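Colleague: Just add 2 to the spot in the sequence shown (first one is 1) and you have the numbering used here. Ideal Cβ placement from N, Cα and C applies to all residues, glycine included. Because the structure is a prediction, the values reported are computed rather than measured. The following block contains the structure, expressed as structure tokens.
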Amino acid sequence: MIIGLDIGTSSTKAVSFDHSGEVLTQYSITYPILTPQPGYYEQDPEEIYQACITSVREVMREITKKYPNEPLEAISVSSAMHAFIAVDEAGTPLTNSIIWADQRSEGIATALRGTEQGLDLYMQTGTPIHPMSVLCKTMWMKEHDTNTFQQAYKFIGIKEYLFFRLFGTYMIDYSIASTTGLFNIHTLNWHAPALSAAGIKPSHLSEPVSIQHSLNLENAERAAELHVPVGTPFIIGASDGCLANLGVGATHPGIASVTVGTSGAVRVISNKASADHKQRVFSYLLHSQQFVVGGAVNNGGVLRNWFRDTFMTEFAQLPEDINTSQLFDEVISSVNPGSEGLVFLPYLTGERAPHWDAKAKGVYFGIQLQHTKAHFGRAMIEGMLFALYSVALALEETTGPIHTVYASGGLARSRVWVQMLADVFNKPVFVKDTVESSAWGAAMIALEALGIAAEAPKASNTANGDDSYEPNKDHHLIYMKNFQQFERLYEILKDEF
3 MIIGLDIGTS STKAVSFDHS GEVLTQYSIT YPILTPQPGY YEQDPEEIYQ
53 ACITSVREVM REITKKYPNE PLEAISVSSA MHAFIAVDEA GTPLTNSIIW
103 ADQRSEGIAT ALRGTEQGLD LYMQTGTPIH PMSVLCKTMW MKEHDTNTFQ
153 QAYKFIGIKE YLFFRLFGTY MIDYSIASTT GLFNIHTLNW HAPALSAAGI
203 KPSHLSEPVS IQHSLNLENA ERAAELHVPV GTPFIIGASD GCLANLGVGA
253 THPGIASVTV GTSGAVRVIS NKASADHKQR VFSYLLHSQQ FVVGGAVNNG
303 GVLRNWFRDT FMTEFAQLPE DINTSQLFDE VISSVNPGSE GLVFLPYLTG
353 ERAPHWDAKA KGVYFGIQLQ HTKAHFGRAM IEGMLFALYS VALALEETTG
403 PIHTVYASGG LARSRVWVQM LADVFNKPVF VKDTVESSAW GAAMIALEAL
453 GIAAEAPKAS NTANGDDSYE PNKDHHLIYM KNFQQFERLY EILKDEF
């Protein structure tokens, strides 16, 4: 069996799979996002490290009970992108992990984005100019937190922090490196003009390695903490977004992966990077000549959580065994598609693709007396889907038509949400038996690295055995009327933001 360790924004989960992708055991630990001041979004790297250790240990305990004769072959790691931690020479964090949602470098990103330098950096690194990027965060620290910048020995991400704690060395996979804005996706080296803009040298960064790069855990104390055998191979893996495509089988032209967890993304796999001069989409590496092209939206499941916790406080009084997600689905299902003309711009935490506008705000438009809490809830979900659909349209312009969608992430557990996705996109949507697509993608990389991938069927590009949803054409027409207004509203309001 293989363990896929998936370090996400809301939680870290360890999932053990057999060679066919069947989930054997899993364990997850949640942790908070810290907001020390408006626009700052951070997490405690030590808390996430401990979540990694604990989740693997608990999975191993279950494995030992249920499958005492099955060996653990490897642990492979998926992680969220754009984390930024300054560490000293001992590897001790000087900062929290500054995550993708952080907006403190907004001014730097805005000034750089519209320049020839910004366009060249985008074309070479594949990362849009935005406060999420490590490039902009490093530039901000150099300018606004000079003491920390000068004390820093390395600037690393959360997966690099995990591997340093386990192995005492700094390395970064090509996939995560390609999301920093500092890495040349064509030469597979740190990009000198980007480093110059950030005021750093290659020595400030980790060594880039293949996503199949493997290290054996020889530290007996660490192995005991994890409850794994000494010598267990750790495969460095890739970013959660790239691995989600691999895990659901969205690996051929015309097949898109839509993942919605805390945030959301639409991605396709291509044999070349996007040359979108509008800078709407990213081009991140999976393998050296295999790119995941797409766009991430800031506001995914975080919207549903916000709406539920702010406006449906009665849910908090219910017994723990009540499925509040199902109750929420029932509430929004009581309203017809289109929410009777109520339109929501979902930019509560700014926006990434396709606008890359950190100043964007949330807006409800068209409120009338007949609109109830249920209308507001449904319009919120529709607005989230419209944001994803706008990314899909940009992708079709740059990479070609999309004919099939695979959905994954936490919201893929909601049949109501997935059907709405199919109706908005007007394309068939499939959901795998497990929505742990990033963890399974990591496990697939481990199988390849160990030379036993042939024993495991690749995630299928057909939908046999998957849950399928066909679009409702009438609902799509209703949604498109609201979507056109949705797009006009952003253009009208963007200067007001």
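Considering only the beta carbon of each residue, do S290 and S276 sit closer than 8 angstroms?
Modeller: Within the sequence shown, the letter at position 288 stands for residue 290. Within the sequence shown, the letter at position 274 stands for residue 276. The answer is no: Cβ separation not under 8 angstroms.
Colleague: Could you tell me which residues DSSP puts in a beta bridge with W192?
Modeller: The sequence position of residue 192 within the sequence shown is 190, counting from 1. The partner list for W192 (beta bridge, DSSP) reads F185.
Colleague: Tell me the start and end of each unbroken alpha helix (DSSP H) in the stretch 77 to 162 that is at least 4 residues and wholly inside, in chain order.
Modeller: Runs of the alpha helix (DSSP H) inside the stretch 77 to 162: 108 to 115, 118 to 127, 136 to 146, 148 to 153.
Colleague: In whole angstroms, what is the alpha-carbon distance linking F488 and H477?
Modeller: Along the sequence shown, read from residue 1 onward, the residue named residue 488 stands at position 486. Along the sequence shown, read from residue 1 onward, the residue named residue 477 stands at position 475. C-alpha separation (whole angstroms): 16 angstroms.
Colleague: Between which two residues does the alpha helix (DSSP H) containing I202 stretch?
Modeller: Counting from one through the sequence shown, the residue named residue 202 turns up at place 200. Looking at the DSSP string, I202 is not in any alpha helix (DSSP H), and its letter there is neither H nor E.
Colleague: Go through its chain and collect everything with a Cβ distance to R63's Cβ below 8 angstroms, but skip five positions before and after it.
Modeller: If you number the sequence shown from 1, residue 63 lands on position 61. Here the set comprises H229.
Colleague: Return the bridge partner residues of L36 from the DSSP annotation.
Modeller: Your numbering for residue 36 matches position 34 in the sequence shown. Answer is E44, bridged to L36.
Colleague: Does the distance from the CB of A88 to the CB of T150 come in under 8 angstroms?
Modeller: Against the sequence shown, residue 88 aligns to sequence position 86. Against the sequence shown, residue 150 aligns to sequence position 148. Going by C-beta atoms, A88 is nearer than 8 angstroms to T150.
Colleague: For N218, write down the residues that DSSP places opposite it in a beta bridge.
Modeller: Mapped onto the sequence shown, residue 218 falls at position 216. Answer is P235.
Colleague: Within 10 angstroms of the Cβ of S336, are there 16 or more other Cβ atoms? Answer buried if so, exposed if not.
Modeller: Locating residue 336 in the sequence shown gives position 334, counting from the first residue. Classification of S336: exposed, given that the 10 Å Cβ count is below 16.
Colleague: Anyone know if the C-beta pair for D278 and G239 falls short of 8 angstroms?
Modeller: Here residue 278 is taken as the residue at index 276 of the sequence shown, counted from 1. Here residue 239 is taken as the residue at index 237 of the sequence shown, counted from 1. Cβ atoms of D278 and G239: not closer than 8 angstroms.
Colleague: Starting from S18 and walking both ways along the beta strand (DSSP E), at which residues does that stretch end?
Modeller: On the sequence shown, residue 18 is found 16 positions in, with the first residue counted as 1. Run containing S18: 13 to 19, per the beta strand (DSSP E) assignment.
Colleague: Do you know offhand how far V262's Cα is from M141's?
Modeller: Counting from one through the sequence shown, the residue named residue 262 turns up at place 260. Counting from one through the sequence shown, the residue named residue 141 turns up at place 139. So the alpha carbons of these two residues sit roughly 29 angstroms apart.
Colleague: Going by C-alpha to C-alpha distance, which of I447, P47, L491 sits closest to G249?
Modeller: Taking the first residue of the sequence shown as position 1, residue 249 is located at position 247. Ranking I447, P47, L491 by Cα distance to G249 puts I447 first.
Colleague: Nearest-angstrom Cα distance between E450 and L305?
Modeller: For the purposes of this step, residue 450 is identified with residue 448 of the sequence shown, where counting begins at 1. For the purposes of this step, residue 305 is identified with residue 303 of the sequence shown, where counting begins at 1. Their Cα atoms are separated by approximately 37 angstroms.
Colleague: Identify every run of the alpha helix (DSSP H) within the stretch 293 to 347, keeping only runs that are complete inside it and at least 4 residues long; order them along the chain.
Modeller: 303 to 313, 326 to 335
Colleague: What are the boundary residues of the beta strand (DSSP E) that includes E353?
Modeller: Within the sequence shown, the letter at position 351 stands for residue 353. It is not in any beta strand (DSSP E) - E353 carries neither H nor E in the DSSP assignment.
Colleague: CA-CA distance, S462 and A362?
Modeller: To locate residue 462, count along the sequence shown from 1; it is residue 460. To locate residue 362, count along the sequence shown from 1; it is residue 360. Confidence is the limiting factor: at S462 the pLDDT is only 41, short of 50, which leaves the residue's position unreliable, though a coordinate-based value still follows. About 38 angstroms.
Colleague: Pick out whichever of M3, S341, Q45 has its Cα sitting closest to the Cα of T11.
Modeller: Against the sequence shown, residue 11 aligns to sequence position 9. Comparing Cα-Cα distances from T11 to each of M3, S341, Q45, the minimum goes to Q45.
Colleague: Answer yes or no: the CB of W419 versus the heavy atoms of the ligand GDP, is any distance below 7 angstroms?
Modeller: In terms of ligand content, the structure shown is empty, and the ligand GDP therefore cannot be addressed.
Colleague: Would you be able to state if there are at least three C-beta pairs under 8 angstroms between the stretch 147 to 162 and the stretch 71 to 85?
Modeller: Yes: at least three Cβ pairs fall under 8 angstroms.
Colleague: Between the stretch 189 to 208 and the stretch 38 to 52, do three or more beta carbon pairs fall short of 8 angstroms?
Modeller: no
Colleague: Check for me: the alpha helix (DSSP H) holding L7 runs from which residue to which?
Modeller: Counted from its first residue, the sequence shown places residue 7 at position 5. Note, L7: premise wrong, no alpha helix (DSSP H); beta strand (DSSP E) at 4 to 9.
Colleague: In the DSSP output, what is P210 paired with across the bridge?
Modeller: Counting from one through the sequence shown, the residue named residue 210 turns up at place 208. Answer is I174, bridged to P210.
Colleague: Among residues of its own chain, excluding the 5 on either side of Y124, which ones have a beta-carbon nearer than 7 angstroms to its beta-carbon?
Modeller: Within the sequence shown, numbered from 1, the residue matching residue 124 stands at position 122. Contacts found: P130, I131, Q281.
Colleague: According to DSSP, what are the bridge partners of S30?
Modeller: By one-based count along the sequence shown, residue 30 stands at place 28. According to DSSP, which records beta bridges pairwise, S30 is partnered with K15.
Colleague: Going by Cα to Cα distance, which pick from A355, N428, A414, V393 is closest to H405?
Modeller: Counting from one through the sequence shown, the residue named residue 405 turns up at place 403. Answer by Cα proximity: N428.
Colleague: Would DSSP call S57 helix, strand or coil?
Modeller: Here residue 57 refers to the residue found at position 55 when the sequence shown is read from its first residue. DSSP places S57 in helix when its eight states are reduced to three.
Colleague: Just tell me which of I50, V295, T171 has its CA closest to the CA of L395.
Modeller: The sequence position of residue 395 within the sequence shown is 393, counting from 1. Closest option to L395, Cα to Cα, is V295.
Colleague: Suppose you measure from the CA of A355 to the CA of F346; what does that come to, to the nearest Å?
Modeller: As a first step, residue 355 is located in the sequence shown; it is residue number 353 there, counting from the start. As a first step, residue 346 is located in the sequence shown; it is residue number 344 there, counting from the start. So the alpha carbons of these two residues sit roughly 17 angstroms apart.
Colleague: Mind reading off the beta-carbon distance from I50 to T14? Whole number of angstroms is fine, and I expect it under 8 angstroms.
Modeller: What you label residue 50 is simply residue 48 of the sequence shown in a count that begins at 1. What you label residue 14 is simply residue 12 of the sequence shown in a count that begins at 1. At roughly 6 angstroms, the Cβ-Cβ gap stays under 8 angstroms, so I50 and T14 are in contact.
Colleague: Of all the options N247, E72, I31, Y408, which has the alpha carbon lying nearest to the alpha carbon of I4?
Modeller: Mapped onto the sequence shown, residue 4 falls at position 2. Comparing Cα positions, the closest option is E72.
Colleague: If we count the other Cβ atoms within 10 Å of its Cβ and call it buried at 16 or more, is P34 buried or exposed?
Modeller: Within the sequence shown, the letter at position 32 stands for residue 34. Per the 10 Å Cβ criterion, exposed.
Colleague: Which residue's Cα is closest to the Cα of L390: F485, K139, S440?
Modeller: Along the sequence shown, one-based indexing puts residue 390 at 388. When only C-alpha atoms are compared, the closest one is F485.
Colleague: CB A444 to CB L7, shorter than 8 angstroms?
Modeller: Position 442 of the sequence shown, counted from the first residue, corresponds to residue 444. Position 5 of the sequence shown, counted from the first residue, corresponds to residue 7. In this structure, the beta-carbon distance from A444 to L7 falls below 8 angstroms.
Colleague: Applying the 10 Å Cβ sphere with the 16-neighbour rule, what's the burial state of T181?
Modeller: Reading the sequence shown from its first residue, position 179 is the one you call residue 181. When all chains shown are included, T181 counts as buried.
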